[in-house]
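Protein chains in written order, with numbering that gives the first Met the number 0: chain A, 0 to 317; chain B, 0 to 550. Think of the CB as a built atom: it goes at the ideal place given N, C-alpha and C, for glycine as much as any other residue.
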Amino acid sequence: MGRFIVRRLLGMVAVLFAVSVLTFLIFNVIPNSDPALRMAGKNPTPTLVHNITEEWGLNDSLPQQYVTMMGKIFSGDVISYEGRENVDERIVEGIPPTFSLCIGAAVIWMFFGILFGYLSAVRAGGLLDRALTIVAVAGISIPVFWLAAILLNYLTYQTEIFPSGGYVEFAENPLEWAEHLILPWVTLAIVYIGIYSRVLRSNMLDAMNEDYVRTARAKGLSERQVMRRHVLRNSLIPIVTLFGLDFGALIGGAIVVEAVFSLNGIGQYAYESLINTDLPPIMAVVLFGAFFVVLFNAFVDIAYAWLDPRIRLGEEAR
Amino acid sequence: MSEALLTVEDLRVSFATQSGRVQAVDGVSFELKPGEVLAIVGESGSGKSVTAQTVLGLTRSHNATISGSIELGGKELISAGDAELRDVRGARVGMVFQDPMTSFNPVYRIGRQIAEAIRAHREEVGKAEAHERAIELLDSVGIPDAARRVDAYPHEFSGGMRQRAMIAMALALDPEVLIADEPTTALDVTVQAQILALLERLNRERGLATILITHDLGVVAEVADRVLVMHEGEIVERGDLERIFYSPTDPYTRKLLDAVVRIDTAVPLRARRESEALLEVTDLVKHFPLKRGLLIAREVDRVRAVDGVSFSVRQGETLGLVGESGSGKSTLSRTILQLLEPTSGSVRFEGRELVGLSRRELQPLRREMQMVVQDPYASLNPRKRVGQIVGEPLRLQGEAKGGELRRQVQGLLERVGLAAEHYDRYPHEFSGGQRQRIGIARALALRPKLIIADEPVSALDVSIRAQILDLLAELQADFGLTYVFVAHDIGVVRHVSDRIAVMYQGRIVEEGPADTVCEQPQDEYTRKLLAAVPIPDPHEARARREALGTT
């Protein structure tokens, strides 16, 4: 176990390094205007542009620029080109709305994804299964931005049931916090409910043909016990992988949902930075997102060993 | 004659499939009396397992049609509701399945799964009490150190221990009837002997009425009182053990009896071959290191799978390599073919050293050495047509293409007893025996000199085994093939081999002419292997049991 964690940490550092180098290179390869020129304002004088270039180290070699930027990101001194604000501070501000959104949505989608998948599998071929299949396929196919717009239109602008976007701190008013987040949660969760219920359904249908399920029936367990203890339990293992990947990726940017509901979280910040081709925040946000993807991947591996005793961490496969 | 415990009358089970209705069981009637062991014998697809599973309602599904009557102690089971059926399952009738690996849920501890069976019927039993009971049960079926092993996961048990645990679970609620569906088919011969002895002891000590389902008449002779022979969903013959063995009336029964390979009958002596050595293995070693360490993996131990093996095989002869699971015989086969890199030692093929050759250098030699593997289900790609599977080696080696390839492959298919029109079919359309023929055709495609057959018949029914063994012998005569025949069953090995090498813990403990090894075994382990082979003759089986003092 100790060895596994050490190896995973080293792997994480390597991945984050590769991600940051690639992001940095891509930014320098794609055509974009000189940051110094943009920072100089509407009527730039050559001297001003020159000074800014010097001051920001934009004439240094690429490796030098990379090292400087990474140093600043990790010391909390990195300043964006656009608006010249402290990037790390903006990210820290973005954490509460982003985490509130992702965790809440994850709870909703895991609950309904597993519930719908379970019901579909148990009633496979029946009316309920067919109805849930339609719901799931619709959830997967409806574009998030369209769904968000529709929900906002009917539930906010026309009926005023929910407030129109924005984020309220949980500590300030928990009820308002939830009220502001319900629409974003639902919008974000619906796609995943569709995917997870379909995946779980097919896992369970496979598991039902396993010999140990027949053994469980032969022991005299009730159908419900067979389904829950043996079929569902074993079918949830692959769902954990999916969840780890999806959840990690979302923390780095539930861009559309954050933007539509003006949650001002990390996704929205990423979106703004990309529009402005603003390198310092792009680097910081990408690293932030990549960190969580890698972290949740490691969690998944640990969870696997706990869920499936045949897997032992940190030992060489023979 | 005591009252029957279980009465099955005119049982019919059919399944709706895409290609029409399949009548799996077609009018089966029998009785099980208290304290007897009833064997149901038949090949795959004879309906014997469906019959057994229908007793517990395990075949109920929306595409199954079940009619007739199954009475357990006066209670009708076919029309019983789900709740009534559950009271029977596990509590009054215990069941043991073929594959103990897949029949336990891999994610729960053994003890918990046994406790679950107890608590499913006795809600008043607490968790701790059920756990205690699980330990007692494991102990009673001969699991050493049961108090500790009760908390193991299924994968931490060996095949034989898993099957013991499976039996313990079936006995958890003291059932009146035990149904064992091919309980030893997935096990080594030595382990099979132990499991059969256990079933016999339970029957004797507890008076447990047992239905034993098997394809192997050798197994039946060891333990059964009465025998039903099933074929295509019907019972073709029934009678006491001795009558079935010594005066069978049905031709199908006779066919099954003939198929059983008898270890105690000498195989007609083959022409002694004084040809040159084709394969020479010297001091071959294959170790798998076990590594641990925080940052740098250090070798802490090694698995000595093959630990200094030497033997040679002459042109045109068959060397039988016998050993139990874990003896290293499969690793040895793969190491000889350079599919695994040897740790040290030498493998010479036609005098040429193979160890140390690069992939490219090995490529032309690969065609001379082919392999037939055990599992004819897992070893054929289910999404490829038979023609593609058999033709692949020819295509890869650039031997033939287009119409010529097709013609050659069809010739091969016919040569192994299949038909040319099987070319365009998929593996799932074939039976186990036919699939093994496909595997043999694939191995033959490049006209190899040496074929290493790793358990080629152990996944097959006894009746099919004989056909495949005959085919291998025929091909050997026609093409002058040399075989290394690897198997756990020394009876089968004797049947096909000129010489036998016995492998134990990575080493060869005995080697010699087949008859000598089987009749005058020198090594203790060889004697153990020989004693484990079931004898398909009730008198001799009993005599041997008495001699060994197990009765």
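Whole-Å CB distance - residue i paired with residue j, under 8 Å assumed
i: Ala133(B); j: Val149(B); result: 5 Å
i: Ala440(B); j: Leu412(B); result: 6 Å
i: Ile69(B); j: Leu31(B); result: In fact, because the Cβ distance is near 11 Å, the residues do not count as touching under 8 Å.
i: Gly327(B); j: Val501(B); result: Gly327(B) to Val501(B), Cβ: 12 Å. No contact.
i: Val235(B); j: Tyr251(B); result: 5 Å
i: Gly206(B); j: Pro33(B); result: 7 Å
i: Pro552(B); j: Arg498(B); result: No statement about residue 552(B) is possible, as the shown extent of chain B runs from 0 to 550 and does not include it.
i: Met282(A); j: Ser19(A); result: 6 Å
Burial state of residue i (16 or more Cβ within 10 Å)
i: Ile210(B); result: buried
i: Val66(A); result: exposed
i: Asp460(B); result: buried
i: Arg552(B); result: Because chain B here runs from 0 to 550, residue 552(B) falls outside it and cannot be looked at.
i: Ala17(A); result: exposed
i: Gly193(A); result: buried
i: Ala13(A); result: exposed
i: Arg83(A); result: exposed
i: Gly288(A); result: buried
i: Arg213(A); result: buried
i: Ala188(A); result: buried
i: Arg200(A); result: buried
i: Pro62(A); result: exposed
i: Ile310(A); result: exposed
i: Leu131(A); result: buried
Under the three-state DSSP convention, the category residue i falls into
i: Leu37(B); result: strand
i: Thr16(B); result: strand
i: His49(A); result: helix
i: Tyr211(A); result: helix
i: His487(B); result: coil
i: Gly325(B); result: coil
i: Arg317(A); result: Any answer about Arg317(A) is weak, because its pLDDT of 32 lies below 50 and its placement is not dependable; what the coordinates show is given next. Arg317(A): coil per DSSP, three-state reduction.
i: Asp300(A); result: helix
i: Phe348(B); result: strand
i: Gln22(B); result: strand
i: Ala127(B); result: helix
i: Pro30(A); result: coil
i: His286(B); result: strand
i: Ile234(B); result: strand
i: Leu445(B); result: coil
i: Lys32(B); result: coil
i: Asn85(A); result: strand
i: Ser68(B); result: strand
i: Val77(A); result: coil
CB contact flag (residue i, residue j, <8 Å)
i: Ala90(B); j: Pro174(B); result: yes
i: Val299(A); j: Gly243(A); result: yes
i: Leu445(B); j: Arg366(B); result: yes
i: Phe96(B); j: Met160(B); result: no
i: Pro535(B); j: Leu256(B); result: yes
i: Tyr568(B); j: Gln407(B); result: The displayed coordinates of chain B run from 0 to 550. Any statement about residue 568(B) would go beyond what the structure contains.
i: Gly26(B); j: Glu275(B); result: no
i: Ala145(B); j: Lys218(A); result: no
i: Met68(A); j: Ile51(A); result: no
i: Arg434(B); j: Tyr376(B); result: yes
i: Ile243(B); j: Ala51(B); result: no
i: Ser79(A); j: Pro279(A); result: yes
i: Ser60(B); j: Leu318(B); result: no
i: Thr53(B); j: Ser13(B); result: no
i: Glu209(A); j: Thr101(B); result: yes
i: Ile149(A); j: Val198(A); result: no
i: Arg111(B); j: Gly141(B); result: no
Any non-hydrogen atom of the ligand NAD closer than 7 Å to residue i Cβ
i: Asp469(B); result: Judged by which ligands are present, the structure shown has none, so any question about the ligand NAD falls away.
Would you be able to state if there are at least three C-beta pairs under 8 Å between the region 97-116 of chain A and the region 254-268 of chain A?
Result yes; three or more Cβ-Cβ pairs closer than 8 Å.
Tell me, please, whether the region 168-185 of chain A touches the region 85-94 of chain A by the rule of three or more beta-carbon pairs shorter than 8 Å.
Output reads no: the region 85-94 of chain A does not touch the region 168-185 of chain A.
Report yes or no: do three or more beta-carbon pairs, one from the region 470-479 of chain B and one from the region 222-231 of chain B, lie closer than 8 Å?
No, because fewer than three Cβ pairs between the region 470-479 of chain B and the region 222-231 of chain B fall closer than 8 Å, the two stretches do not touch.
Tell me, please, whether the region 18-25 of chain B touches the region 182-192 of chain B by the rule of three or more beta-carbon pairs shorter than 8 Å.
At 8 Å Cβ cutoff, the stretches do not touch.
Are there three or more Cβ pairs, one per stretch, closer than 8 Å when the region 149-166 of chain A is compared with the region 267-286 of chain A?
Judged by Cβ distances under 8 Å, the region 149-166 of chain A makes no contact with the region 267-286 of chain A, as fewer than three pairs qualify.
Does the region 345-360 of chain B come into contact with the region 301-308 of chain B, if we say contact requires no fewer than three beta-carbon pairs (one atom in each stretch) closer than 8 Å?
Too few Cβ pairs lie closer than 8 Å, so no.
Decide if the region 293-308 of chain A is in contact with the region 259-270 of chain A; the criterion is three or more beta carbon pairs, one per stretch, under 8 Å apart.
Fewer than three beta-carbon pairs drawn from the region 293-308 of chain A and the region 259-270 of chain A are found closer than 8 Å, and the two stretches are therefore not classed as touching.
Whether or not the region 484-498 of chain B and the region 447-456 of chain B are in contact is what I'm after, with contact meaning three or more pairs of Cβ atoms, one per stretch, closer than 8 Å; do they touch?
A contact exists between the region 447-456 of chain B and the region 484-498 of chain B.
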